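Engineer: Residue numbers (the working numbering): 2 to 206.
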Ligand SMILES: C[S@@+](CC[C@H](N)C(=O)[O-])C[C@H]1O[C@@H](n2cnc3c(N)ncnc32)[C@H](O)[C@@H]1O
């Protein structure tokens with residue numbers, strides 16, 4: 002499905018980064034090692050690389066990732082792309098300074114699995130940054146999935162990473178103008194969460 006959507010001359014969500022990510026990424030340390038989930042055509046990975054970060058971008062669409070590399074070349078930055086399905090991708094252990102997921106809309110069971118991997122794969126003190134459409138987005142016809150199961154409310158994100166520190170956690174309505182894919186006022190869940198320095202996978206005693 003995504004290969005067909007991306008098989009076009011322009012970029013479905015444009016070549017500018019997601020506006021929330023632009024601001025949220027200010028929390029990142031210099032030269033951060035970042036994993037971008039469901040990167041698509043590369044706009045967010047290229048922006049982070051422009052800021053001096055080392056970015057690995059994964060997506061299940063080879064067409065999207067080919068365009069991501071074309072965008073990186075045009076912007077004179079280097080990004081690593083990996084064709085991978087989040088159903089089977091292993092993010093590793095305490096490996097990343099940040100993991101980002103912008104409009105990464107997965108089925109509920111896979112979302113839970115991915116959240117557990119994010120908790121494990123971030124270094125202590127690492128950041129999880131995400132913006133996704135919330136369930137109330139069904140009111141609008143401005144982008145995002147039409148299946149309510151794929152829309153994600155803030156409470157669910159927070160419950161899936163209970164030990165994290167919430168630097169920013171908001172469910173809000175904002176204007177999103179990103180290519181022809183996101184075209185106006187939308188309901189979103191936004192988070193900037195930090196993994197505690199202690200080991201959050203061990204129960205507290
Ligand atoms: C709405 S697009 C967002 C793309 C990009 N993050 C952006 O904001 O421009 C959703 C992306 O999720 C990817 N995706 C969906 N399911 C996936 C899965 N199981 N594993 C990896 N990528 C997936 C799609 O290929 C698509 O590129």
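Quick reminder that beta carbons are idealized off the backbone N, C-alpha and C, glycines included. Values in this document were obtained by computation on a predicted structure and should not be read as measured data.
1. Using a Cβ-Cβ cutoff of less than 7 angstroms, which residues in the same chain neighbour residue 150 once the five nearest sequence positions on both sides are dropped?
2. How far does the beta strand (DSSP E) with residue 38 in it extend, from its first residue to its last?
3. Which residues neighbour ligand 1 when neighbourhood means a C-beta less than 5 angstroms away from any of its non-hydrogen atoms? List them by chain order.
4. Compute the distance between the beta-carbons of residue 180 and residue 14, then report whether it is under 7 angstroms.
5. Write down the C-beta distance between residue 152 and residue 135 rounded to the nearest angstrom, noting that I regard them as a contact closer than 8 angstroms.
6. Hey, would you say residue 132 sits closer than 7 angstroms to residue 12, going by beta carbons?
7. Kindly indicate the opening and closing residues of the beta strand (DSSP E) around residue 178.
8. Are the CB atoms of residue 28 and residue 165 within a distance shorter than 7 angstroms?
9. So for residue 96, helix, strand or coil by DSSP?
Structural biologist: So, to answer that:
1. If you ignore the 5 residues before and after residue 150, its C-beta comes within less than 7 angstroms of the C-beta of 108 and 109, all in its own chain and listed in chain order.
2. It spans 34-38 - the beta strand (DSSP E) in which residue 38 sits, taken as one unbroken run.
3. Per the Cβ criterion, the list is 3, 14, 39, 41, 60, 61, 62, 65, 86, 87, 103 and 104.
4. Result yes, Cβ atoms of residue 180 and residue 14 sit closer than 7 angstroms.
5. Rounded, the Cβ-Cβ distance is 6 angstroms, consistent with contact.
6. No, these two residues do not count as a Cβ contact at 7 angstroms.
7. Judged by DSSP secondary structure, residue 178 falls within the beta strand (DSSP E) whose first and last residues are 166-179.
8. It is not a contact, given that the beta carbons lie outside the stated cut-off.
9. It is coil, neither helix nor strand.
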